[in-house]
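Trainee:
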Amino acid sequence: MRTPVSTDPRTTEPRERSPRAFRPTMVLLLFLSASAGILLDASSGHAAEFADYLAAVDQALVKNPNAVPKHALYSCQDRRAFAVRLERRGEDVRAIRSLRFCFNLLGISTAAVDRASAPVDSSARQAAQLEKGREDARREYERALQLEPDPARGLEIYRSCAACHTPEGWGMASGVVPQLAGQHRSVVIKQLADIRAGNRQNRVMLPYASVESIGGAQAIADVAAYIDTLEISVENGHGDGQALALGERLYGEHCARCHGARGEGDAAKQIPRIQSQHYGYLLTQFELIRDGKRLNANPEMTAQIAGFEERETKAVLDWVSRLEPPEELRAPAGWRNPDFASP
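Every letter in the sequence shown is one number past the one before it in my numbering, and letter 294, counting from 1, is 298.
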């Protein structure tokens with residue numbers, strides 16, 4: 005039996021209100037009640053950070069500065085309510101991660117909130133958080149690696165990834181989106197675990213890789229297994245080709261020992277396959293690692309490339325982008341992923 009939620013004063017007959025129409029009022033009530041309690045209890049860095057994020061989301065929900073469609077507003081309202089429930093249960097970190105998804109939906113940046121929240125944490129607290137992130141990522145990696153993967157389930161998860169990474173997993177030649185096809189399962193698992201735990205900062209990927217979006221360790225195992233089956237494109241983005249001899253020499257001296265003679269990587273050591281990777285992506289990641297801005301970077305690699313000059317950097321990465329996988333891993337000319345074929 006339906007329960008009336010309001011009464012029409014003109015007829016005195018019960019009238020049921022649409023859940024969607026009710027949501028703006030619900031958001032305002034949640035903001036006045038739940039947010040007030042959170043702000044009063046914001047004694048920890050995480051609670052204060054959550055309050056800052058919540059206030060920014062609420063402001064954007066009211067003003068809709070980027071004129072996002074209604075379905076995005078509704079999704080954000082649902083995610084906001086879920087984040088508040090998490091925070092009330094004391095799951096501050098997970099609540100913040102959930103709320104970050106709203107920033108992506110609403111097209112707003114977390115930069116201002118991050119800057120405002122940064123002074124709350126002391127160096128000791130930040131160090132503890134980084135260590136916790138590494139430990140959380142390590143545990144999820146080990147758990148996912150031991151699970152029996154289901155590539156069919158991985159395909160269903162990957163369908164949402166394909167919007168950016170393409171159905172074939174080839175990314176974009178510009179390097180804005182990397183080629184994932186054929187990447188070692190262990191590497192994909194590690195990178196997803198690192199992103200989810202905050203051990204690798206990637207604000208674009210985080211909403212799509214989160215537990216709330218795809219599921220737990222089994223989901224990581226499944227989607228990684230599917231990606232491992234995709235055939236690699238050798239029509240990837242390259243550099244200008246002006247210093248390939250220098251790049252070949254530098255690669256042999258500094259990179260081949262870990263990444264392999266042909267950039268094949270090492271699945272057992274979670275060293276990524278870099279052959280046929282887009283030059284632009286390689287350059288971005290190289291600079292992040294060299295400058296100490298990629299948290300999950302191998303310290304040995306950071307030290308190895310610290311002295312590279314710009315010309316050397318471009319030369320070696322141009323060379324790497326031209327390394328090709330063995331024939332059995334390459335996508336044939338004109339290949340398209342049959343899993344995405346129209347029925």
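All C-beta atoms, glycine included, are put in the ideal place defined by N, C-alpha and C.
Using CA coordinates, which residue listed in Trp174, Ile199, Phe107, Asp154 is at the minimum distance from Tyr230?
Mentor: Walking along the sequence shown from the start, residue 230 turns up at place 226. Tyr230 has its Cα closest to that of Asp154, out of Trp174, Ile199, Phe107, Asp154.
Trainee: Are Val181 and Cys259 touching if we call contact CB-CB under 8 Å?
Mentor: The sequence position of residue 181 within the sequence shown is 177, counting from 1. The sequence position of residue 259 within the sequence shown is 255, counting from 1. No; because the gap between Cβ atoms is not below 8 Å, this pair is not in contact.
Trainee: Checking 8 Å against the spacing of the C-beta atoms, do Ser190 and Ala265 come in under that value?
Mentor: Stepping through the sequence shown from its first residue, residue 190 is reached at position 186. Stepping through the sequence shown from its first residue, residue 265 is reached at position 261. No, the pair does not count as a contact, with Cβ atoms beyond the cut-off.
Trainee: Nearest to Arg147 by CA position, among Leu103, Ala221, Pro171, Ser102, is which residue?
Mentor: Locating residue 147 in the sequence shown gives position 143, where the first residue counts as 1. It is Ala221.
Trainee: Determine the DSSP secondary structure at Pro330, reduced to helix, strand or coil.
Mentor: Translated into positions along the sequence shown, residue 330 becomes position 326. Pro330 falls in the coil class under three-state DSSP.
Trainee: State the DSSP-derived secondary structure class of Asp154, mapped to helix, strand or coil.
Mentor: Counting from 1 along the sequence shown, the entry for residue 154 is found at position 150. Coil.
Trainee: At which residues does the alpha helix (DSSP H) containing Ala177 begin and terminate?
Mentor: For the purposes of this step, residue 177 is taken as residue 173 along the sequence shown, with counting starting at 1. Segment: none, Ala177 is in no alpha helix (DSSP H) and carries neither H nor E.
Trainee: For Ile42, which residues of its own chain have a beta-carbon under 7 Å away from its beta-carbon, when the five flanking residues on both sides are left out?
Mentor: Your numbering for residue 42 matches position 38 in the sequence shown. With a pLDDT of 37 at Ile42, under the threshold of 50, the modelled position of that residue is not reliable, and the figure given next carries that caveat. The answer, listed in chain order, is Ala51, Phe54, Ala55, Leu58, Glu91.
Trainee: Is the separation between the beta-carbon of Ser280 and that of Asn341 shorter than 8 Å?
Mentor: Along the sequence shown, one-based indexing puts residue 280 at 276. Along the sequence shown, one-based indexing puts residue 341 at 337. No.
Trainee: When you compare only the Cα positions, how much space is there between Glu139 and Arg315?
Mentor: As a first step, residue 139 is located in the sequence shown; it is residue number 135 there, counting from the start. As a first step, residue 315 is located in the sequence shown; it is residue number 311 there, counting from the start. Roughly 37 Å between the two C-alpha positions.
Trainee: Using a Cβ-based criterion (distance less than 7 Å to any ligand heavy atom), does Gly158 qualify as near the ligand COA?
Mentor: The ligand COA is not part of the structure shown, which contains no ligands of any sort.
Trainee: Apart from the five residues just before and just after Gly219, which ones in its own chain have a Cβ nearer than 8 Å to its Cβ?
Mentor: For the purposes of this step, residue 219 is taken as residue 215 along the sequence shown, with counting starting at 1. Counting only Cβ-Cβ distances below 8 Å, and skipping sequence neighbours, we find Ile161.
Trainee: Applying the 10 Å Cβ sphere with the 16-neighbour rule, what's the burial state of Ala71?
Mentor: On the sequence shown, residue 71 is found 67 positions in, with the first residue counted as 1. Ala71 comes out exposed.
Trainee: Say whether the segment 232-249 touches the segment 327-335, bearing in mind that this needs 3 or more beta-carbon pairs closer than 8 Å, one atom from each stretch.
Mentor: Result yes; three or more Cβ-Cβ pairs closer than 8 Å.
Trainee: In whole angstroms, what is the alpha-carbon distance linking Arg157 and Leu184?
Mentor: Numbered from 1 along the sequence shown, position 153 holds the residue referred to as residue 157. Numbered from 1 along the sequence shown, position 180 holds the residue referred to as residue 184. Approximately 18 Å between the Cα atoms of the pair.
Trainee: List the residues that DSSP assigns as beta-bridge partners of Arg161.
Mentor: Your numbering for residue 161 matches position 157 in the sequence shown. Strictly speaking, residue 161 in this sequence is Ile, with Arg absent from that position. Paired residues: none, contrary to the question.
Trainee: Since Ile199 and Leu210 should fall inside the 8 Å C-beta cutoff, what is the C-beta to C-beta distance between them, to a whole number of angstroms?
Mentor: By 1-based counting over the sequence shown, the position of residue 199 is 195. By 1-based counting over the sequence shown, the position of residue 210 is 206. The pair is a contact, with the Cβ atoms about 6 Å apart (cut-off 8 Å).
Trainee: Report the rounded CA-to-CA distance for Val124 versus Arg84, giving the unit in angstroms.
Mentor: Within the sequence shown, residue 124 is the residue found at index 120, counting from 1. Within the sequence shown, residue 84 is the residue found at index 80, counting from 1. Its pLDDT being 47, under 50, Val124 is placed unreliably by the model, and nothing is read from it.
Trainee: Would you grab the beta carbon distance between Leu286 and Ile278 for me? Rounded to a whole angstrom, and I think it's under 8 Å.
Mentor: As a first step, residue 286 must be located in the sequence shown, where it is residue number 282. As a first step, residue 278 must be located in the sequence shown, where it is residue number 274. Between Ile278 and Leu286 the Cβ distance is about 7 Å, and since that is below 8 Å, they are a contact.
Trainee: What's the gap between the Cα of Gln246 and the Cα of Gly179?
Mentor: Taking the first residue of the sequence shown as position 1, residue 246 is located at position 242. Taking the first residue of the sequence shown as position 1, residue 179 is located at position 175. Cα to Cα, Gln246 sits roughly 19 Å from Gly179.
Trainee: Do Cys165 and Tyr212 have their beta-carbon atoms positioned less than 8 Å apart in this structure?
Mentor: Translated into the one-based positions of the sequence shown, residue 212 becomes position 208. Translated into the one-based positions of the sequence shown, residue 165 becomes position 161. Contact: yes.
Trainee: Suppose you measure from the CA of Arg163 to the CA of Asn302; what does that come to, to the nearest Å?
Mentor: For the purposes of this step, residue 163 is identified with residue 159 of the sequence shown, where counting begins at 1. For the purposes of this step, residue 302 is identified with residue 298 of the sequence shown, where counting begins at 1. The straight-line gap from Cα to Cα measures roughly 31 Å.
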